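> Sharing a structure below in structure tokens format, with a few things to ask.
Number of protein chains: 2
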Amino acid sequence: MSAKVITVTQDSAPTRLPVMADVARLAGVSHQTVSRVLNDHPNVAAPTRTRVLAAIRELNYRPNSAARALASKRSKTLGVVSFDTTLYGPASMLYGIERAARSADYFISIVSLSSMARRSVLEAVERLREQAVEGIVVIAPQISASGVLAQAGDGVPLVGAGCGLTERVPLVAIDQRAGAAMATRHLLDLGHRTVHHVAGPASWLDATGRIAGWRSTLEGAGAPVPEPLSGDWSARSGFELGQRIAADAEVTAVFCANDQMTQGLLRALHEAGRRVPEDISVVGFDDIPEAAYFIPPLTTVRQDFGELGRRALELLVARLAGNSGPPGQVLIQPELVVRASARPVARA
Amino acid sequence: MSAKVITVTQDSAPTRLPVMADVARLAGVSHQTVSRVLNDHPNVAAPTRTRVLAAIRELNYRPNSAARALASKRSKTLGVVSFDTTLYGPASMLYGIERAARSADYFISIVSLSSMARRSVLEAVERLREQAVEGIVVIAPQISASGVLAQAGDGVPLVGAGCGLTERVPLVAIDQRAGAAMATRHLLDLGHRTVHHVAGPASWLDATGRIAGWRSTLEGAGAPVPEPLSGDWSARSGFELGQRIAADAEVTAVFCANDQMTQGLLRALHEAGRRVPEDISVVGFDDIPEAAYFIPPLTTVRQDFGELGRRALELLVARLAGNSGPPGQVLIQPELVVRASARPVARA
DNA sequence: GGAGTTGTTGTGAGCGCTAACAATCGTCCC
DNA sequence: GGGACGATTGTTAGCGCTCACAACAACTCC
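Chains as they are written, first to last, in our numbering: chain W, 189 to 536; chain G, 189 to 536.
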């Protein structure tokens, strides 16, 4: 029968979509009562509610979100501006954000950035505001972004995910220094005299955080601090830098700032005949799903991007709910995953 | 001066946001004229337009998208429902879609799926309709999805990206059979007697397409067709299947249905002491950015996911623009990227 | 010089919903 | 038994915009 109704609706060509008044008429109530049941207001008699629900189903009625937004001044939409959603980190955060948003009953509108230019972030935020999002999560791991956040969040609640520290914007991030320290310490504990570092681009906060954690651990242990090499996160750059490392007979341990670069590094080492972990120990960062299947299996630092996204969204929702204390800062701890790519230094 | 205005606005606490009427008043025109300049209507005198623009800037006016959507019945929003945006393929398509949407002046609202259950897709589509999207791109590579598409797209224009063939829904896809055929032929041309296949899950269209291409190429060449093994796309499953392959001395060539599984496969082969490509040649599929840095560098089939996403969105926009011919079907050709993981069979 | 043009601007009526208020009905209490 | 009160429902205004149409100018043309 419901099917029949639908068919009829489709046949009589330009039948306009049912609106609240239609439902009200069919249920024999006022449109306001329909609105009440739609919004779960208390004080609607059970039988009335049932009748309204039946009418809604029969007409296959769907509330008009634009009208709703206009009247209630709430769009039920949150924005996400993210840098290159093709990367594992941002993609995973986005996923976490979307799921959290759905369970908080918000829609997610995204705009991805190709460049991390200041302008670009501002434009993205602007675009989202145009769409009347109620709040924005920014996934912008570059240093240049942190200043922008403070500036952009004028009038819209804004939360940074994996972004740099700013006093004015609430943030959720993974403790990069701690992660890097774990990796470095692990290598030191294995007996290596020092640990070399393949870093990410200097413009990324994650990269500088990891450098800082690595450096301070080395210094704390009284180990020499070699000049870090810096790549662009790609396997290609890890490979190129790996060739230089392979040529340096001094190196026995490398902490590489992400798993993709590590993959390139392993390849370079392999080609140069430097065995991992026999000749050189390697530790990565991220724990991408493939890391356990590198040759050899990669010891790395796991960061839970999904959790990061989820927490960022929850923080945003909390603020939206009026929970506007001081801009909270959530730090998530990473975790060392020990596999086969690092082992005690071979005694000469 | 503009700064001064803003400050004043902020200070006098509950000043409501400026609306079109405010702009009109300040510019000394009617609200309709303001609307005209906002929508680039012709027939607005240049000086008038200038005045309006100035007023807009001075008040820092931003049109209300909900009101706009309500009055014009156009939300300027497109929906994307995607399966696991964490995977390289979907993530890249999403990226392509977002960029294309932006340049066509649409917003993108996403909902990601955790399960590919029929219900799940329908719910996602339903959710998007609730939000009044003007059209939807579905990234649902599973077989179960194709039927759903036909069913779901009732009332909203819908385009599938990388989805199965359905007569009722326009589609953009990459030619999986052709890609698999290329890979298989490449291996055959190298002198291998036959080619083994590590397939994706049977529920995925991409997987069955690749099996079909592989099988028919083998049959066309009169080569024996071994039973394909089937994994779940993950490196882990590639590794497990790889252990079985490594144990089979007959195998000299493997076509693996994606690069992640290939990575696991390479690891298993390596551990078993089977050299690639000396003992076994391997060809992958996808050409993820890391493929060139596998050990050894992976010969694989490149599919341009970004392009796929872009084309899907363009198709959707075209249909929205009234261009509703027969549900078009766009097939994108993949491309073989030859690297070091496959080579002529060693003559015994 | 009046009728048609074209270009430019204004007017009024909604779009479909929510929020505030008003109305109605029974109930309870002293 | 009358007034207060709670539960339920209806009425009335907008929310801020776009669309269709009307109005008016300044031209053109025969």
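Quick reminder that beta carbons are idealized off the backbone N, C-alpha and C, glycines included.
Nothing here was measured: the structure is a model prediction, and the numbers come from that model.
Quick check on His458 (chain W): does DSSP put it in helix, strand or coil?
helix
> If you measure between the beta carbons of Val344 (chain W) and Ile324 (chain W), is that distance less than 7 Å?
yes
> Below 8 Å, can you find three or more Cβ-Cβ pairs linking the stretch 492-503 of chain W to the stretch 516-524 of chain W?
yes
> For a quick check, are the C-beta atoms of Val321 (chain W) and Thr265 (chain W) less than 7 Å apart?
yes
> Is the stretch 362-375 of chain G touching the stretch 433-445 of chain G in the sense that three or more CB pairs, one from each, lie closer than 8 Å?
yes
> If the cut is a Cβ gap below 8 Å, which residues of chain G does Glu286 (chain W) touch?
Correct list: Thr273, Ile298, Val299 and Ser300.
> Taking 7 Å as the CB-CB cut-off, is Ile483 (chain W) touching chain G?
With 7 Å as the cut-off, Ile483 (chain W) counts as an interface residue toward chain G.
> According to the neighbour-count rule (16 or more other Cβ atoms, all chains shown, within 10 Å of its Cβ), is Gly350 (chain G) buried or exposed?
Counting Cβ neighbours within 10 Å, Gly350 (chain G) comes out buried, since at least 16 surround it.
> Jot down the residue ranges of each uninterrupted beta strand (DSSP E) in the stretch 209-286 of chain G, minimum 3 residues, whole runs only, in chain order.
265-271
> With three or more C-beta pairs closer than 8 Å as the rule, is the stretch 254-268 of chain W touching the stretch 278-297 of chain W?
yes
> Nearest chain W C-beta to Phe427 (chain G) closer than 7 Å, yes or no?
yes
> Since I believe Gln448 (chain W) is in contact with Gly426 (chain W) (beta carbons under 8 Å), could you give me their beta-carbon distance rounded to a whole number of angstroms?
7 Å
> For Pro532 (chain G), which residues of its own chain have a beta-carbon under 8 Å away from its beta-carbon, when the five flanking residues on both sides are left out?
Leu378 and Gly379
> Determine the chain G residues that contact Arg490 (chain W) at a beta-carbon separation under 7 Å, and present them in chain order.
Those within 7 Å of Arg490 (chain W) in chain G number zero; the least Cβ separation is about 15 Å.
> If you measure from the beta carbon of Ala423 (chain W) to each beta carbon in chain G, is any gap under 7 Å?
yes
> Taking 7 Å as the CB-CB limit, is Ser253 (chain G) close to chain W?
yes
> Please state whether the Cβ-Cβ distance between Tyr276 (chain W) and Ala423 (chain G) is less than 7 Å.
It is not a contact, given that the beta carbons lie outside the stated cut-off.
> Determine the extent of the beta strand (DSSP E) in which Ser529 (chain W) is found, giving its start and end residues.
Element bounds for Ser529 (chain W): n/a, residue is neither H nor E.
> Quick one: what's Ile520 (chain G) bridged to in DSSP?
G:Ile362
> Who pairs with Gly426 (chain W) in a beta bridge, going by DSSP?
In DSSP, Gly426 (chain W) forms no bridge with anything.
> Could you spell out the range, first to last residue, of the beta strand (DSSP E) harbouring Val344 (chain G)?
First-last for Val344 (chain G): undefined, no H or E at that position.
> For Ser300 (chain G), which of helix, strand or coil comes out of DSSP?
strand
> Checking the sheet assignment: what are the DSSP bridge partners for Arg417 (chain W)?
A quick correction: the sequence has Leu, not Arg, at residue 417 (chain W). According to DSSP, Leu417 (chain W) bridges with W:Val386.
> Please report the straight-line C-alpha distance between Ala456 (chain G) and Trp421 (chain G), rounded to a whole angstrom.
15 Å
> Would you say Gln319 (chain W) reaches chain G, if we count a Cβ-Cβ gap shorter than 7 Å as a contact?
yes
> So, is Gly452 (chain G) buried or exposed, given that buried needs 16 or more other C-beta atoms within 10 angstroms?
That one is buried.
> Considering only C-alpha positions, which residue in the set W:Phe271, W:Leu205 and W:Ser302 is nearest to Glu246 (chain W)?
W:Leu205
> So with CB distances below 9 Å, who are the chain G contacts of Leu454 (chain W)?
Tyr481 and Ile483
> On a CA-only basis, which of W:Asp475, W:Arg224, W:Leu496 and W:Pro251 is nearest Arg315 (chain G)? Give me that one, please.
W:Pro251
> Find the nearest neighbour of Gly419 (chain W) within the set W:Asp394, W:His229 and W:Asp436, judged by alpha-carbon distance.
W:Asp394
> Counting only beta-carbon separations shorter than 7 Å, does Tyr294 (chain G) have a partner in chain W?
no
> Which same chain residues end up closer than 7 Å to Ala434 (chain G) when comparing Cβ atoms and leaving out the 5 residues on each side of it in sequence?
Ala456, Leu457, Ala460 and Arg462
> Looking at C-alpha atoms only, which residue of G:Gln319, G:Ala411 and G:Ala288 is the closest neighbour of Arg262 (chain W)?
G:Gln319
> Would you verify that the beta carbon of Leu310 (chain W) is, or is not, closer than 7 Å to some beta carbon of chain G?
no
> When you compare each of W:Leu301, W:Pro358, W:Ser280 and W:Arg432 to Gly494 (chain W) by their alpha carbons, which one comes out closest?
Nearest option by C-alpha distance: W:Ser280.
> Looking at chain W, which residues of the stretch 361-385 of chain G have a Cβ within less than 8 Å of any of its Cβ atoms?
none
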